[in-house]
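Engineer: Got a structure here, written out as structure tokens. Questions coming.
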Amino acid sequence: MAQTTESPAPATPAPEPPARRTSRAPRVHRAWFVAAVTFVTIIGAAAFASLPGLLIEPLHEEFDWSRGTIGFAVSVNLALYGLTAPFAAALMDRFGIRRVVALALTVISVGSVLTVWMTAAWQLVLYWGVLVGLGSGSMALAFAATVTNRWFVARRGLVTGILTAAGASGQLVFLPLLSWLVEHHGWRPAAVTVSLAALAVVPFVWLLLRDHPADTGLAPYGGEYAEKPAPVTGAARRAVTVLLKAARTGPFWLLAGTFAICGASTNGLVKTHFVPAAHDHGMPVTAAAGLLAVIGVFDVVGTIASGWFTDRFEARRLLAVYYALRGVSLLFLPMLLAPTVHPPMLFFIVFYGLDWVATVPPTIALCREHYGEDSAIVFGWVLASHQVGAALVAFGGGVARDLFGSYDVVWYASGALCAAAALMALVIRRPRTEAPSLAGA
Numbered sequence: 005m006a007q008t009t010e011s012p013a014p015a016t017p018a019p020e021p022p023a024r025r026t027s028r029a030p031r032v033h034r035a036w037f038v039a040a041v042t043f044v045t046i047i048g049a050a051a052f053a054s055l056p057g058l059l060i061e062p063l064h065e066e067f068d069w070s071r072g073t074i075g076f077a078v079s080v081n082l083a084l085y086g087l088t089a090p091f092a093a094a095l096m097d098r099f100g101i102r103r104v105v106a107l108a109l110t111v112i113s114v115g116s117v118l119t120v121w122m123t124a125a126w127q128l129v130l131y132w133g134v135l136v137g138l139g140s141g142s143m144a145l146a147f148a149a150t151v152t153n154r155w156f157v158a159r160r161g162l163v164t165g166i167l168t169a170a171g172a173s174g175q176l177v178f179l180p181l182l183s184w185l186v187e188h189h190g191w192r193p194a195a196v197t198v199s200l201a202a203l204a205v206v207p208f209v210w211l212l213l214r215d216h217p218a219d220t221g222l223a224p225y226g227g228e229y230a231e232k233p234a235p236v237t238g239a240a241r242r243a244v245t246v247l248l249k250a251a252r253t254g255p256f257w258l259l260a261g262t263f264a265i266c267g268a269s270t271n272g273l274v275k276t277h278f279v280p281a282a283h284d285h286g287m288p289v290t291a292a293a294g295l296l297a298v299i300g301v302f303d304v305v306g307t308i309a310s311g312w313f314t315d316r317f318e319a320r321r322l323l324a325v326y327y328a329l330r331g332v333s334l335l336f337l338p339m340l341l342a343p344t345v346h347p348p349m350l351f352f353i354v355f356y357g358l359d360w361v362a363t364v365p366p367t368i369a370l371c372r373e374h375y376g377e378d379s380a381i382v383f384g385w386v387l388a389s390h391q392v393g394a395a396l397v398a399f400g401g402g403v404a405r406d407l408f409g410s411y412d413v414v415w416y417a418s419g420a421l422c423a424a425a426a427l428m429a430l431v432i433r434r435p436r437t438e439a440p441s442l443a444g445a
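Right, here's the structure in full:
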């Protein structure tokens, strides 16, 4: 009699952990929603970046504060923006993107709305300079870079370009609105609008933004699934270590010096003082703000074109050309200011807009050539010098207007500084060997 053997029951496969269920990918990857929230957040952040230049004349007229005093508050804002930026990525690694950005937006909202009740100049420095400066610095380029690096493997260049352009788009959206509010209803409604714009973004950040793809059980767009890394506690120390070692090299000081002049001739000068300077010549505030908005449009075009040029031409020579052309344009600006907008002024606006942040791609490329894997941190410190330069001219421009009765000397001095930056860029040499890691040097 044949012996029958009972076949064993098939083994039940172990259930897959929820964090790794990636077989059924969503039709639209979650990374694009995260990028969209980041885009909206940066646009909202552009609201408070657009306001300082519109406040100089109203605050001077209402409180009789000197333009130098008002410019000092703006300079504190710009300086803290830059000095906070190198540590923003460390904060996000330690506490998460969502918490840092939501808190930063709340601080910005509080600082902006408190200016409505201020009665003394020190309150402007505290509310607009310190609070808004710290909040905006926590959402500097590190925010866009961190989101892109975590959520995207493919299309990183495209996403970086889109998020970088968000600042210019926000300037285009808010400048005409804020200038209309200032001219027809006063500066307080404009400050409240900025506060509400920052606060309105907080729910979107908290509900839709996630720190890492692993939080949603997905791989980054175009990449493989990876577990969420543990919070990093030594990133801030590494940022300081890289700074101390980079400061021993010549290229760092040349890059920091040229980028400080870049900030002085853009954020510190044109973004802060162009509107009051044009108003001095009889141009309506709304018209001058509209011209700044047009600069924001061509800023996007110039940034993309500069990236294309950086892939094909030597970065230091591009920087020299950009700074030289910017300096020449600033020397002509005092002759172009008039009560109405005329074709030569429009030509300046288009030309200057194309050059506004064209310096960023070649500066990043030079950081990468000289500092290798530490280039992002080095660029963070170079960006800090950009904001310090902007802060000095934001303050100095107001003082010069008080002393000389016009901004002409500021335009001419900035043109000369740009010529110096062009020469400094040419002094930078290519590294002879592959750039080492500064943190481990």
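According to the working numbering, the residues represented by the sequence shown are 5 to 445, in order. Here a beta-carbon is modelled for each residue, glycine too, at the ideal position from N, C-alpha and C.
With burial defined as no fewer than 16 other Cβ atoms inside 10 Å of the residue's Cβ, what is the status of residue 217: buried or exposed?
Structural biologist: Within the sequence shown, the letter at position 213 stands for residue 217. Buried, by the Cβ-count rule.
Engineer: Please say whether residue 382 and residue 307 have beta carbons closer to each other than 8 Å?
Structural biologist: As a working mapping, residue 307 is identified with position 303 in the sequence shown. As a working mapping, residue 382 is identified with position 378 in the sequence shown. Contact: no.
Engineer: Using three-state DSSP, classify residue 317 as helix, strand or coil.
Structural biologist: Counted from its first residue, the sequence shown places residue 317 at position 313. In the structure shown, residue 317 falls within a coil segment according to DSSP collapsed to helix, strand and coil.
Engineer: On the CB-based measure, 16 or more other CB atoms within 10 Å of its CB, does residue 339 come out buried or exposed?
Structural biologist: Counted from its first residue, the sequence shown places residue 339 at position 335. Per the 10 Å Cβ criterion, exposed.
Engineer: Is the beta carbon of residue 194 less than 8 Å from the beta carbon of residue 203?
Structural biologist: For the purposes of this step, residue 194 is identified with residue 190 of the sequence shown, where counting begins at 1. For the purposes of this step, residue 203 is identified with residue 199 of the sequence shown, where counting begins at 1. No, the Cβ-Cβ distance between residue 194 and residue 203 is not below 8 Å.
Engineer: Within 10 angstroms of its Cβ, does residue 123 collect 16 or more other Cβ (buried), or is it exposed?
Structural biologist: Position 119 of the sequence shown holds residue 123. Under this definition residue 123 is an exposed residue.
Engineer: Going straight from the alpha carbon of residue 224 to that of residue 416, what length do you get?
Structural biologist: Start at 1 with the first residue of the sequence shown, and residue 224 comes out as number 220. Start at 1 with the first residue of the sequence shown, and residue 416 comes out as number 412. Going by the C-alpha atoms only, they are around 49 Å apart.
Engineer: Would you check if the segment 240 to 258 and the segment 371 to 380 touch, i.e. whether three or more CB-CB distances between them fall below 8 Å?
Structural biologist: yes
Engineer: What separation, rounded to the nearest whole angstrom, lies between the Cα atoms of residue 288 and residue 282?
Structural biologist: As a first step, residue 288 must be located in the sequence shown, where it is residue number 284. As a first step, residue 282 must be located in the sequence shown, where it is residue number 278. So the two alpha carbons sit approximately 8 Å from each other.
Engineer: If I measure Cβ to Cβ from residue 434 and keep anything under 7 Å in the same chain, skipping five residues before and after, which residues do I get?
Structural biologist: For this step, residue 434 is matched to residue 430 along the sequence shown. Taking C-beta separations shorter than 7 Å and ignoring five residues to either side along the sequence, the partners of residue 434 in its chain run 373, following chain order.
Engineer: Could you check how far apart the C-beta atoms of residue 357 and residue 301 are, in whole angstroms? I think they sit under 8 Å.
Structural biologist: Against the sequence shown, residue 357 aligns to sequence position 353. Against the sequence shown, residue 301 aligns to sequence position 297. About 7 Å; that satisfies the 8 Å criterion.
Engineer: Looking only at C-alpha atoms, which of 116, 126 and 147 sits nearest to residue 43?
Structural biologist: For the purposes of this step, residue 43 is identified with residue 39 of the sequence shown, where counting begins at 1. Residue 43 has its Cα closest to that of 147, out of 116, 126 and 147.
Engineer: On the premise that residue 278 lies in contact with residue 57, defined as a C-beta separation below 8 Å, what is that separation, rounded to the nearest angstrom?
Structural biologist: Along the sequence shown, one-based indexing puts residue 57 at 53. Along the sequence shown, one-based indexing puts residue 278 at 274. Between residue 278 and residue 57 the Cβ distance is about 7 Å, and since that is below 8 Å, they are a contact.
Engineer: May I have the straight-line CA-CA distance separating residue 314 from residue 286, to the nearest angstrom?
Structural biologist: Residue mapping note: residue 314 aligns to position 310 of the sequence shown, counting from 1. Residue mapping note: residue 286 aligns to position 282 of the sequence shown, counting from 1. Cα to Cα, residue 314 sits roughly 40 Å from residue 286.
Engineer: Since residue 416 sits in a beta bridge, which residues does DSSP pair it with?
Structural biologist: What you label residue 416 is simply residue 412 of the sequence shown in a count that begins at 1. Answer is none; residue 416 lacks a bridge partner.
Engineer: So, is the C-beta of residue 206 closer than 8 Å to a C-beta in chain B?
Structural biologist: No chain B appears in this structure, which consists of one protein chain only.
Engineer: Tell me whether residue 48 is buried or exposed, calling it buried when 16 or more other Cβ atoms sit within 10 Å of its Cβ.
Structural biologist: Counting from one through the sequence shown, the residue named residue 48 turns up at place 44. Buried, by the Cβ-count rule.
Engineer: Please name the residue or residues paired with residue 156 in a DSSP beta bridge.
Structural biologist: Mapped onto the sequence shown, residue 156 falls at position 152. 225, per the DSSP bridge assignment.
Engineer: Between the C-alpha atoms of residue 276 and residue 61, what's the straight-line distance to the nearest angstrom?
Structural biologist: Taking the sequence shown and counting its residues from 1, one reaches residue 276 at position 272. Taking the sequence shown and counting its residues from 1, one reaches residue 61 at position 57. So the two alpha carbons sit approximately 11 Å from each other.
Engineer: Under 8 Å by Cβ, that's how I've got residue 75 and residue 403 pegged, so tell me the actual separation to the nearest angstrom.
Structural biologist: To locate residue 75, count along the sequence shown from 1; it is residue 71. To locate residue 403, count along the sequence shown from 1; it is residue 399. 7 Å between Cβ atoms; contact.
Engineer: State buried or exposed for residue 121, treating a residue as buried only when at least 16 other CB atoms are found within 10 Å of its CB.
Structural biologist: Here residue 121 corresponds to residue number 117 of the sequence shown, with the count starting at 1. Exposed: under 16 other Cβ atoms inside 10 Å.
Engineer: Could you pull the start and end residues of the alpha helix (DSSP H) that residue 265 belongs to?
Structural biologist: In the sequence shown, counting from the first residue as 1, residue 265 sits at position 261. Per DSSP, residue 265 is one residue of the alpha helix (DSSP H) stretching across 254 to 269.
Engineer: For residue 226, count neighbouring Cβ atoms within 10 angstroms of its own Cβ and tell me buried if that reaches 16, exposed if not.
Structural biologist: Looking up residue 226 in the sequence shown gives position 222. Flag for residue 226 reads exposed.
Engineer: In chain order, what residues of the same chain have a beta carbon less than 7 Å from the beta carbon of residue 158, not counting five sequence neighbours either side?
Structural biologist: Translated into the one-based positions of the sequence shown, residue 158 becomes position 154. Hits under 7 Å: 225 and 226.
Engineer: Please report the distance separating the alpha-carbon of residue 112 from that of residue 368.
Structural biologist: As a working note, residue 112 is residue 108 in the sequence shown. As a working note, residue 368 is residue 364 in the sequence shown. Cα-Cα distance, rounded: 28 Å.
Engineer: Rounded to the nearest angstrom, how far is the Cβ of residue 125 from that of residue 395, given a contact under 8 Å?
Structural biologist: Along the sequence shown, one-based indexing puts residue 125 at 121. Along the sequence shown, one-based indexing puts residue 395 at 391. Rounded to whole angstroms, the Cβ separation of residue 125 and residue 395 is 17 Å, and the two are not in contact under 8 Å.
Engineer: If distances are taken between C-alpha atoms only, which option among 297, 87, 260 and 39 comes closest to residue 182?
Structural biologist: Taking the sequence shown and counting its residues from 1, one reaches residue 182 at position 178. Among 297, 87, 260 and 39, the Cα nearest to that of residue 182 is on 297.
Engineer: Does DSSP put residue 275 in a helix, a strand or coil?
Structural biologist: Start at 1 with the first residue of the sequence shown, and residue 275 comes out as number 271. Reduced to three states, the DSSP call for residue 275 is helix.
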